[in-house]
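Trainee: Taking the working numbering, the leading residue of the sequence shown gets -6, the next gets one more, and so forth.
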Amino acid sequence: MHILEPVLNILLYVIGGYAFFNVSYLLFFSLAGHKSIRQNTRTALTARRMCVLFPAYKEDVVIIESALKAKAHSYNGSFDICVIADKLKPETIVTLTRNGIKVIEVNFEKSTKGKALLTALNQLPESNYDVAVVLDADNHMGKEFLKEVNLAFESGYKVVQAHRTAKNLDTAFAFLDACNEEINNHIFRKGHFALGLSSALIGSGMAFEFSYLKNLLSNIGETVGEDKEIDFRIARDQVKICYLDKVYVYDEKIDNAAVFTQQRTRWIAAQLEFLKKYFWQGFVQLFKNGNVEFFNKMVQAMLVPRILLLGLLGFLFMLSLVVPYGPSVSFWAVLLGMVSTALFIGVPGRLYNKQLFEALLRIPYAFFCMCLALLNTKKTKTSFLATPHKTKVVSANLDK
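Quick look at the structure:
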């Protein structure tokens, strides 16, 4: 027992140091997220030709509505809608083509979004397009989305990330997921961009110089986190990612625990994959090339997911009340206060209502789901854990 006591004491201090690093990072960039962002050029000399890509894996339920809404989008330049059909039903493909939607059919032994995008880009004539926009099958573009993307490219950017936000708040889990998305937007996109760093990519609502995306996806492999891989490749190239905070893409939020767990399993697997892949390279890029962006991406891969962090800090606070080792009770209480502040100031005012309280009551269950997701990450090596979608209506109060 005398041997275990100093070991436990050291272990708790190490965990405390790691937790302090996590909380400080989140709070710093959450505060930065309240800094104003410089606007892009408001006049475009060129209306860039765009291709809006919808990778759709077994998404028959939502893809027709999404593609038709995209086709009706108002933009003063030319644009095509292209659905990348991976295991869609024949009748879905017929309906899409009859409505003037381009369809590129793909078939893989193990499906991934990255491979689907690369296959489509290789088939599309590069000379026809200037910009490739990537949306998820359930996404709806907000007003003037393509116009604002064009203005960002006019300002000199090669990569743009729009503000992805919830189109449904119909359950407590969906509301919790919506809050989580807005917190991530505030910290990892707006907060970073406000300080002159690149926005993080989110997987959809993204726009790239057409030829550059094709280059980024080269040898993408079978990763479950193609957006994270692209993020690292862009950082290695030292290309700045623009964040359009007032330009919206509406995205379906998870409305039940089973799908929440499945989605988080994929996300955690991707985070662990890239932490292992790029940990040492992050230091090389920083000290050899002065590449702060790449190092920062690696640091982000080290961060504990927010719900897990809340649960861990809560547990350690309770443990400190009964175990006289490691940091004091007040240390853990301060960390809990800091992380709570970081998260709450990242939630937009429109989400402060009765539903927020109901969503907060789901956090312990969400923590349990995250623990299950952490234990199931190996499943991503053998199957593509796509998030199933349903038809959802954009909430009226979110229609920007």
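Idealized CB from N, CA, C, for every residue including glycine.
Should Gly342 go down as buried or exposed, given a rule of 16 or more other Cβ atoms within 10 Å for buried?
Mentor: Residue numbering aside, residue 342 sits at position 349 when the sequence shown is read from its first letter. It is exposed - the Cβ of Gly342 has fewer than 16 other Cβ atoms within 10 Å.
Trainee: Tell me whether Pro(-1) sits in a helix, a strand or coil according to DSSP, three-state version.
Mentor: Taking the first residue of the sequence shown as 1, we reach residue -1 at position 6. Three-state result, Pro(-1): helix.
Trainee: Which term fits Leu4, buried or exposed, when burial requires 16 or more other beta carbons within 10 angstroms of its beta carbon?
Mentor: Translated into the one-based positions of the sequence shown, residue 4 becomes position 11. It is exposed - the Cβ of Leu4 has fewer than 16 other Cβ atoms within 10 Å.
Trainee: Against chain B, does Leu279 count as a neighbour if the rule is that its beta carbon must be under 9 angstroms from one of theirs?
Mentor: Annotation note: the requested chain B is absent from the structure, which comprises a single protein chain.
Trainee: Please state if the CB of Val16 and the CB of Val332 are separated by a distance shorter than 9 angstroms.
Mentor: Reading the sequence shown from its first residue, position 339 is the one you call residue 332. Reading the sequence shown from its first residue, position 23 is the one you call residue 16. Yes, the Cβ-Cβ distance between Val332 and Val16 is below 9 angstroms.
Trainee: Buried or exposed, going by whether 16 or more other CB atoms sit within 10 Å of the CB of Leu(-3)?
Mentor: Taking the first residue of the sequence shown as position 1, residue -3 is located at position 4. Counting Cβ neighbours within 10 Å, Leu(-3) comes out exposed, since fewer than 16 surround it.
Trainee: CA-CA distance, Leu158 and Phe14?
Mentor: Translated into positions along the sequence shown, residue 158 becomes position 165. Translated into positions along the sequence shown, residue 14 becomes position 21. In the sequence as presented, Leu is not what sits at residue 158; that position holds Thr. Approximately 28 angstroms, taken between the alpha carbons.
Trainee: If we ignore side chains and look at the alpha-carbon of each, how far apart do Leu391 and Asn2 end up?
Mentor: In the sequence shown, counting from the first residue as 1, residue 391 sits at position 398. In the sequence shown, counting from the first residue as 1, residue 2 sits at position 9. The predicted position of Leu391 is uncertain, since its pLDDT is 43 and thus under 50; a value taken from the coordinates is nonetheless stated next. Rounded to the nearest angstrom, the two C-alpha atoms are 49 angstroms apart.
Trainee: By how many angstroms is the C-alpha of His156 removed from the C-alpha of Asn178?
Mentor: Residue mapping note: residue 178 aligns to position 185 of the sequence shown, counting from 1. Residue mapping note: residue 156 aligns to position 163 of the sequence shown, counting from 1. Cα to Cα, Asn178 sits roughly 7 angstroms from His156.
Trainee: Kindly indicate which residue of Lys270, Glu286, Asp248, Trp260 has the alpha-carbon position closest to the one of Leu365.
Mentor: For the purposes of this step, residue 365 is identified with residue 372 of the sequence shown, where counting begins at 1. When only C-alpha atoms are compared, the closest one is Trp260.
Trainee: Starting from Val152, trace the beta strand (DSSP E) both ways and give me its first and last residue.
Mentor: If you number the sequence shown from 1, residue 152 lands on position 159. Where Val152 is concerned, the enclosing beta strand (DSSP E) stretches over 152 to 159.
Trainee: If I'm right that Ser191 touches Lys233 with Cβ under 8 angstroms, what's the distance once you round it to whole angstroms?
Mentor: Working through the sequence shown from its first residue, we reach residue 191 at position 198. Working through the sequence shown from its first residue, we reach residue 233 at position 240. Contact flag correct, Cβ pair sits at about 5 angstroms.
Trainee: With distances taken Cα to Cα, identify the nearest neighbour of Val340 among Phe101, Val0, Pro(-1), Ser23.
Mentor: Along the sequence shown, read from residue 1 onward, the residue named residue 340 stands at position 347. Checked all of Phe101, Val0, Pro(-1), Ser23; the closest Cα to Val340 is Ser23.
Trainee: Please work out which residues of its chain come closer than 8 angstroms, Cβ to Cβ, to Leu456, disregarding the five sequence neighbours upstream and downstream, and give them in chain order.
Mentor: Any answer about residue 456 is impossible in this case: the structure gives the chain only from -6 up to 393.
Trainee: Are there 16 or more other CB atoms within 10 angstroms of the CB of Gln293, so buried, or fewer, so exposed?
Mentor: Against the sequence shown, residue 293 aligns to sequence position 300. So Gln293 counts as buried.
Trainee: Could you check what DSSP says for Tyr271 in three-state terms: helix, strand or coil?
Mentor: Residue mapping note: residue 271 aligns to position 278 of the sequence shown, counting from 1. In the structure shown, Tyr271 sits in a helix (DSSP, three-state: H, G or I).
Trainee: Can you tell me the Cα-Cα spacing of Pro317 and Leu328, whole angstroms?
Mentor: Within the sequence shown, numbered from 1, the residue matching residue 317 stands at position 324. Within the sequence shown, numbered from 1, the residue matching residue 328 stands at position 335. Using only the alpha carbons, I get a separation of about 18 angstroms.
Trainee: Going by C-alpha distance, which of Pro320, Thr90, Asn173, Val76 is nearest Val99?
Mentor: Start at 1 with the first residue of the sequence shown, and residue 99 comes out as number 106. It is Val76 whose Cα lies nearest to the Cα of Val99.
Trainee: Could you give the distance in angstroms between the alpha-carbon of Ser104 and the alpha-carbon of Phe267?
Mentor: Working through the sequence shown from its first residue, we reach residue 104 at position 111. Working through the sequence shown from its first residue, we reach residue 267 at position 274. Roughly 19 angstroms separates the two Cα atoms.
Trainee: What do you reckon, are the CB atoms on Ile247 and Ala167 nearer than 9 angstroms?
Mentor: Here residue 247 corresponds to residue number 254 of the sequence shown, with the count starting at 1. Here residue 167 corresponds to residue number 174 of the sequence shown, with the count starting at 1. Result yes, Cβ atoms of Ile247 and Ala167 sit closer than 9 angstroms.
Trainee: With contact counted as at least three CB pairs below 8 angstroms, one residue from each stretch, are the stretch 171 to 186 and the stretch 220 to 228 in contact?
Mentor: Too few Cβ pairs lie closer than 8 angstroms, so no.
Trainee: Under the DSSP definition of a beta bridge, which residues are partnered with Phe201?
Mentor: As a position in the sequence shown, residue 201 is number 208, starting the count at 1. Ala125, Val152, per the DSSP bridge assignment.
Trainee: Measure the alpha-carbon distance for Lys347 versus Ile74 and round it to whole angstroms.
Mentor: Residue 347 sits at position 354 when you count from the first residue of the sequence shown. Residue 74 sits at position 81 when you count from the first residue of the sequence shown. One C-alpha to the other measures close to 39 angstroms.
Trainee: Sort out for me which residues DSSP pairs Gly237 with in a bridge.
Mentor: Sequence index remark: in the sequence shown, residue 237 carries index 244 (1-based). What sits at residue 237 in the sequence shown is Leu, not Gly. The partner list for Leu237 (beta bridge, DSSP) reads Ala155.
Trainee: Under a three-way DSSP split, which group does Leu188 fall into?
Mentor: The sequence position of residue 188 within the sequence shown is 195, counting from 1. DSSP places Leu188 in coil when its eight states are reduced to three.
Trainee: Rounded to whole angstroms, what's the CA-CA distance from Leu19 to Gly10? Just pull it up for me.
Mentor: Along the sequence shown, read from residue 1 onward, the residue named residue 19 stands at position 26. Along the sequence shown, read from residue 1 onward, the residue named residue 10 stands at position 17. When rounded, the distance between both Cα atoms is 14 angstroms.
Trainee: Threshold first: 4 residues or longer. Then list the alpha helix (DSSP H) segments lying entirely within the stretch 253 to 331, N to C.
Mentor: Fully enclosed alpha helix (DSSP H) runs of 4 or longer: 285 to 295, 299 to 313.
Trainee: Helix, strand or coil for Ile227? Go by DSSP, reduced to three states.
Mentor: Along the sequence shown, read from residue 1 onward, the residue named residue 227 stands at position 234. Correct three-state label for Ile227: helix.
Trainee: Check whether the Cβ atoms of Glu202 and Phe287 sit closer than 9 angstroms, and answer yes or no.
Mentor: Translated into the one-based positions of the sequence shown, residue 202 becomes position 209. Translated into the one-based positions of the sequence shown, residue 287 becomes position 294. Not in contact: Glu202 and Phe287 (Cβ atoms no closer than 9 angstroms).
Trainee: On a Cα-Cα basis, can you pick out the residue from Leu306, Leu139, Lys82 that is closest to Lys64?
Mentor: The sequence position of residue 64 within the sequence shown is 71, counting from 1. Per the Cα distances, Leu139.
Trainee: Could you tell me which of Val153, Ile57, Val127, Ile176 sits nearest to Thr334, measuring between CA atoms?
Mentor: One-based indexing of the sequence shown puts residue 334 at position 341. Ranking the options by Cα distance to Thr334, first place goes to Ile176.
Trainee: For Phe377 and Asn33, I'd like the C-alpha separation in whole angstroms.
Mentor: For the purposes of this step, residue 377 is taken as residue 384 along the sequence shown, with counting starting at 1. For the purposes of this step, residue 33 is taken as residue 40 along the sequence shown, with counting starting at 1. Unreliable placement is indicated for Phe377, whose pLDDT of 48 sits below 50; the coordinate value is still reported in the next sentence. Spanning the two alpha carbons is a distance of roughly 38 angstroms.
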